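Trainee: Quick one: the structure is below, and I'll ask about it shortly.
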Amino acid sequence: MSAQAEIGVIGGSGFYSFLDDVTEVAVETPYGAPSDSVFMGELGGRRVAFLPRHGRKHHLPPHRINYRANMWALSSVGVRQVLGPCAAGGLRPEYGPGTLLVPDQLVDRTKSRVQTYFDGEPLPDGSVPNVVHLTFADPYCATGRQASLAAAREHGWDAVDGGTLCVVEGPRFSTRAESRWHAAQGWSVVGMTGHPEAVLARELGVCYSSLALVTDLDAGAETGEGVSHEEVLRVFGQNVGRLRQVLFDAVAKLPEKRDCDCAQALGGIDPGIELPGALRDQRG
Ligand SMILES: [Zn+2]
Numbered sequence: 001m002s003a004q005a006e007i008g009v010i011g012g013s014g015f016y017s018f019l020d021d022v023t024e025v026a027v028e029t030p031y032g033a034p035s036d037s038v039f040m041g042e043l044g045g046r047r048v049a050f051l052p053r054h055g056r057k058h059h060l061p062p063h064r065i066n067y068r069a070n071m072w073a074l075s076s077v078g079v080r081q082v083l084g085p086c087a088a089g090g091l092r093p094e095y096g097p098g099t100l101l102v103p104d105q106l107v108d109r110t111k112s113r114v115q116t117y118f119d120g121e122p123l124p125d126g127s128v129p130n131v132v133h134l135t136f137a138d139p140y141c142a143t144g145r146q147a148s149l150a151a152a153r154e155h156g157w158d159a160v161d162g163g164t165l166c167v168v169e170g171p172r173f174s175t176r177a178e179s180r181w182h183a184a185q186g187w188s189v190v191g192m193t194g195h196p197e198a199v200l201a202r203e204l205g206v207c208y209s210s211l212a213l214v215t216d217l218d219a220g221a222e223t224g225e226g227v228s229h230e231e232v233l234r235v236f237g238q239n240v241g242r243l244r245q246v247l248f249d250a251v252a253k254l255p256e257k258r259d260c261d262c263a264q265a266l267g268g269i270d271p272g273i274e275l276p277g278a279l280r281d282q283r284g
């Protein structure tokens with residue numbers, strides 16, 4: 001498939017539904033279908049592909065999302081840089097609802113998710129991926145992080161620069177003991193979808209950074225009844241408008257020619273399979 005987009009945003013219909021001339025494209029991958037079609041639009045002269053992470057009807061819980069298909073689909077339509085906004089719980093009292101945090105680290109506390117393309121399983125075309133151990137010390141693209149932070153500041157949203165996103169399996173929220181333990185480790189926010197998105201992007205040589213919108217204080221950081229689904233939806237709804245503005249401005253700030261190391265993640269290692277995008281044709 002020829003390149004049709006350069007930047008990907010993984011987020012729901014609240015981010016693209018009002019754009020002019022959105023084209024819906026169904027994409028198949030060797031890992032099955034992504035969460036939904038890819039919705040292509042133009043934003044400030046850049047071609048952007050939106051992918052609803054949970055499906056347009058929000059029917060996929062975090063542990064059932066086909067993360068490999070999602071990232072492969074974005075890469076296969078030409079995407080080289082991805083912004084992955086997500087809802088999160090604050091693990092510190094100062095990170096209350098409405099806080100925007102751009103993490104620089106993550107901790108994987110998921111349990112059931114396949115988090116590599118290089119698992120030795122043959123693809124439908126018969127090719128077999130080699131075993132690859134990827135460097136992942138810094139999980140997020142520094143350029144993408146700075147674009148998001150700058151965009152947030154321009155909108156008067158004093159985003160937290162850095163911190164650790166702890167990704168749990170879900171779909172339940174944490175117990176108080178789990179939450180206190182997460183906080184005691186020095187981690188900042190907790191979410192359910194930021195991983196394995198980050199590592200799969202890295203394997204494909206795609207830039208990835210996250211924006212965590214805090215919708216609640218996690219169970220260990222507050223003294224009330226604990227997090228509720230309704231509370232998360234309400235706070236997300238209150239903030240989705242300005243988060244959209246930040247995302248759109250961040251898109252415009254992403255460089256057309258990448259100056260980061262994300263595209264060279266494999267460092268010349270032969271993956272054994274044909275990757276869909278950035279690594280295959282060695283674009284910048
Ligand atoms: Zn990058």
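Counted from 1, the sequence shown has number 35 at position 35 by this note's numbering; the numbering is strictly sequential. All residues carry an ideal CB built from backbone N, CA and C; glycine is no exception. Since this is a predicted model, take the numbers as computed values, not measurements.
For Arg244, which residues in the same chain have their Cβ closer than 6 Å to its Cβ, ignoring the five residues on either side in sequence?
Mentor: Cβ neighbours of Arg244 beyond the five flanking positions: Phe15.
Trainee: State the CB to CB distance for the pair Ala219 and Val232, rounded to an integer number of angstroms; the pair is presumed to be in contact (CB under 8 Å).
Mentor: Actually they do not touch by this definition, with Cβ atoms about 13 Å apart.
Trainee: Taking all protein chains shown into account, decide if Gly284 is buried (16 or more other Cβ within 10 angstroms of its Cβ) or exposed.
Mentor: With a pLDDT of 46 at Gly284, under the threshold of 50, the predicted position of this residue should be treated as unreliable, though the coordinate-derived value follows. The residue in question, Gly284, is exposed, as its Cβ has fewer than 16 Cβ neighbours within 10 Å.
Trainee: Is Cys86 a contact residue of ligand 1, with contact defined as CB to any heavy atom under 7 Å?
Mentor: No, the beta carbon of Cys86 sits no closer than 7 Å to any heavy atom of ligand 1.
Trainee: Looking at C-beta atoms only, is the number of pairs between the segment 33–53 and the segment 111–127 that lie closer than 8 Å three or more?
Mentor: With a cut-off of 8 Å, the segment 111–127 and the segment 33–53 do not count as touching, because too few Cβ pairs lie within range.
Trainee: So Leu101 packs on Ala212, CB below 8 Å; how close in whole Å?
Mentor: Sure, about 5 Å apart at Cβ, within 8 Å.
Trainee: Give me, in chain order, the residues of the same chain whose beta-carbon lies closer than 6 Å to that of Ile10; leave out the 5 immediate sequence neighbours on both sides.
Mentor: If we look at Ile10 and ignore the five residues flanking it on each side, its Cβ neighbours are Leu51, Arg53 and Gly84.
Trainee: Within this structure, are the beta carbons of Lys253 and Ala159 separated by less than 8 Å?
Mentor: No, they are not a contact pair.
Trainee: Could you give the DSSP three-state label for Gln115: helix, strand or coil?
Mentor: Looking at Gln115 - three-state DSSP - the assignment turns out to be coil, as it is neither helix nor strand.
Trainee: Rounded to the nearest angstrom, what separates Asp259 and Thr143 at their Cα positions?
Mentor: Approximately 8 Å, taken between the alpha carbons.
Trainee: Just curious, the beta strand (DSSP E) that Thr135 is in, first and last residue?
Mentor: Here Thr135 belongs to no beta strand (DSSP E), and DSSP marks it neither H nor E.
Trainee: Would you tell me roughly how many angstroms separate the C-alpha atoms of Ile269 and Val132, rounded to the nearest one?
Mentor: Using only the alpha carbons, I get a separation of about 8 Å.
Trainee: Which residue wins for smallest C-alpha separation from Gly237, given the options Cys86, Pro34 and Tyr31?
Mentor: Out of Cys86, Pro34 and Tyr31, Cys86 has the C-alpha closest to the C-alpha of Gly237.
Trainee: Under the three-state reduction of DSSP, which class applies to Gln105: helix, strand or coil?
Mentor: If DSSP states are grouped into helix, strand and coil, Gln105 belongs with the strands.
Trainee: Does the Cβ of His59 have 16 or more other Cβ atoms within 10 Å, making it buried, or fewer, making it exposed?
Mentor: With fewer than 16 Cβ atoms within 10 Å of its Cβ, His59 is classed as exposed.
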